[in-house]
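For the sequence shown, counting from 1, position 200 maps to 200 in the working numbering; every step adds exactly one.
All C-beta atoms in this analysis are idealised placements derived from N, C-alpha and C, irrespective of residue type, glycine included.
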Amino acid sequence: MKEHGHSPNEVSQRIGAPPGRGVLRDVVYGGIDGSVTTFAIVAGVAGAGLSPFVIVALGLANVLADGFSMAAGNYSGTKADLDNVRRLRVVEERHIARYPEGERLEVREILAQKGLSGEVLEQATDAITADRDNWVALMIDGEYGLGSVDPHPMRAALATFAAFLLAGMIPLLPFLFGVDGAFTVSAWMTAAVFFAIGALKSRWSLAPWWRSGFETLAIGGAAAAIAYGVGTLFHA
Numbered sequence: 001m002k003e004h005g006h007s008p009n010e011v012s013q014r015i016g017a018p019p020g021r022g023v024l025r026d027v028v029y030g031g032i033d034g035s036v037t038t039f040a041i042v043a044g045v046a047g048a049g050l051s052p053f054v055i056v057a058l059g060l061a062n063v064l065a066d067g068f069s070m071a072a073g074n075y076s077g078t079k080a081d082l083d084n085v086r087r088l089r090v091v092e093e094r095h096i097a098r099y100p101e102g103e104r105l106e107v108r109e110i111l112a113q114k115g116l117s118g119e120v121l122e123q124a125t126d127a128i129t130a131d132r133d134n135w136v137a138l139m140i141d142g143e144y145g146l147g148s149v150d151p152h153p154m155r156a157a158l159a160t161f162a163a164f165l166l167a168g169m170i171p172l173l174p175f176l177f178g179v180d181g182a183f184t185v186s187a188w189m190t191a192a193v194f195f196a197i198g199a200l201k202s203r204w205s206l207a208p209w210w211r212s213g214f215e216t217l218a219i220g221g222a223a224a225a226i227a228y229g230v231g232t233l234f235h236a
């Protein structure tokens, strides 16, 4: 894990412009869902004994349509979060204007729960409430538990769609190129994608890479096995 610097300049820049949650969640979400749903279609259609052409057609339709649907859903959900934060800022600004003493008391309570007390608590409360923007920002975090960095709906949507498209195409490649034993090759390639996504995800967690990889592999494998089992019920 890379350590960040602690010089006065580095601390000022890092704290002054926090990165927010980034796109890790969106990439992992899109990548896992893309590989799982596409291979589930491949497994289900293969289990039903249909032709490779049908597998490719349905797989491509899933990658494009479901990928876009997920991206649109993530955009709408992230935008809803953004709209909610903006609404709460307006609410807090109105409350500060109408009930300044009550809001000041809330600031004092938030700071007290963070460990401040006595004269330091009073001075900190005075300093925060002297600046309207800082006052509102503290209330958004302390009263509602929301971060100070606004989410980015379009960035979240694009990250989700790109990850879905990339991971979702992997199970289709053996069928697109007419590889012998395409289904078996597709299964192994998809299993590798599952494991790789999980292993990559471990870079942002405390779990060992192999455990995270096998966990994601188990989730994806279970979905594929269910789809293949359902497909065999319709085998001619």
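Which residues in the same chain as residue i place their Cβ atom closer than 8 Å to its Cβ, once the five residues preceding and following it in sequence are excluded?
i: Ile32; result: Ala167, Phe194, Ile197, Thr216, Ile219, Gly220
i: Glu106; result: Met139, Gly142, Glu143
i: Leu158; result: Ala71
i: Ala225; result: Ala43
If I measure Cβ to Cβ from residue i and keep anything under 7 Å in the same chain, skipping five residues before and after, which residues do I get?
i: Leu58; result: Ile41, Val45
i: Tyr75; result: Pro153, Met154, Ala156, Ala157
i: Leu121; result: Arg108, Leu111, Ala112
i: Gly231; result: Ala43, Gly44, Val45, Ala46, Gly47, Ala48
i: Val185; result: Pro174, Val179
i: Ala182; result: Pro52, Pro174, Phe175
i: Val36; result: Gly220, Ala223
i: Ile55; result: Val42, Val45, Ala46, Phe175
What is the rounded straight-line gap between the Cα of residue i and the Cα of residue j?
i: Leu64; j: Asp150; result: 29 Å
i: Asp66; j: Phe161; result: 9 Å
i: Pro174; j: Glu143; result: 53 Å
i: Pro100; j: Phe68; result: 46 Å
i: Ala223; j: Asp126; result: 56 Å
i: Gly229; j: Gly30; result: 24 Å
i: Ser117; j: Gly147; result: 24 Å
i: Phe234; j: Gly145; result: 50 Å
i: Leu172; j: Leu50; result: 15 Å
i: Arg203; j: Val23; result: 14 Å
i: Ala48; j: Ala199; result: 32 Å
i: Glu119; j: Phe214; result: 53 Å
i: Ser205; j: Arg94; result: 40 Å
i: Ala227; j: Ile96; result: 55 Å
i: Arg98; j: Ala124; result: 22 Å
i: Asn9; j: Lys114; result: 25 Å
i: Ala187; j: Pro208; result: 24 Å
i: Gly73; j: Leu82; result: 14 Å
Hey, does residue i have any beta-carbon neighbour from chain B nearer than 8 Å?
i: Asp66; result: Going by chain labels, chain B is absent from the structure shown, which holds only one protein chain.
For residue i, which of the options has the nearest alpha-carbon?
i: Asp180; options: Thr232, Pro52, Gly73; result: Pro52
i: Asn84; options: Val27, Phe68, Pro153; result: Pro153
i: Met189; options: Thr38, Ala71, Gln123; result: Thr38
i: Arg132; options: Ser205, Arg104, Ala163; result: Arg104
i: Asp26; options: Ala227, Phe164, Arg94, Ile128; result: Phe164
i: Ala192; options: Trp210, Lys79, Leu111; result: Trp210
i: Gly77; options: Phe214, Arg155, Phe177, Ala199; result: Arg155
i: Phe62; options: Lys79, Gly178, Thr232, Ile170; result: The identity of residue 62 in the sequence shown is Asn, whereas the question assumes Phe. The residue with the shortest Cα to Cα distance from Asn62 is Ile170.
i: Gly102; options: Ala227, Thr129, Phe177; result: Thr129
i: Leu60; options: Pro208, Leu176, Ala227; result: Leu176
Below 6 Å CB to CB, which residues in the same chain sit around residue i once its five sequence neighbours on both sides are set aside?
i: Lys201; result: Val28, Ser212
i: Ile34; result: Correcting the residue type first, residue 34 is Gly in the shown sequence and not Ile. Result list for Gly34: Phe164, Ala167, Gly168, in chain order.
i: Lys79; result: Pro153
State yes or no: is the C-beta of residue i nearer than 7 Å to some heavy atom of the ligand ATP?
i: Pro151; result: Within the structure as shown, the ligand ATP is missing, as the structure has no ligands at all.
#### Entry: Contact between the segment 87–98 and the segment 122–137 (3+ Cβ pairs under 8 Å)
yes
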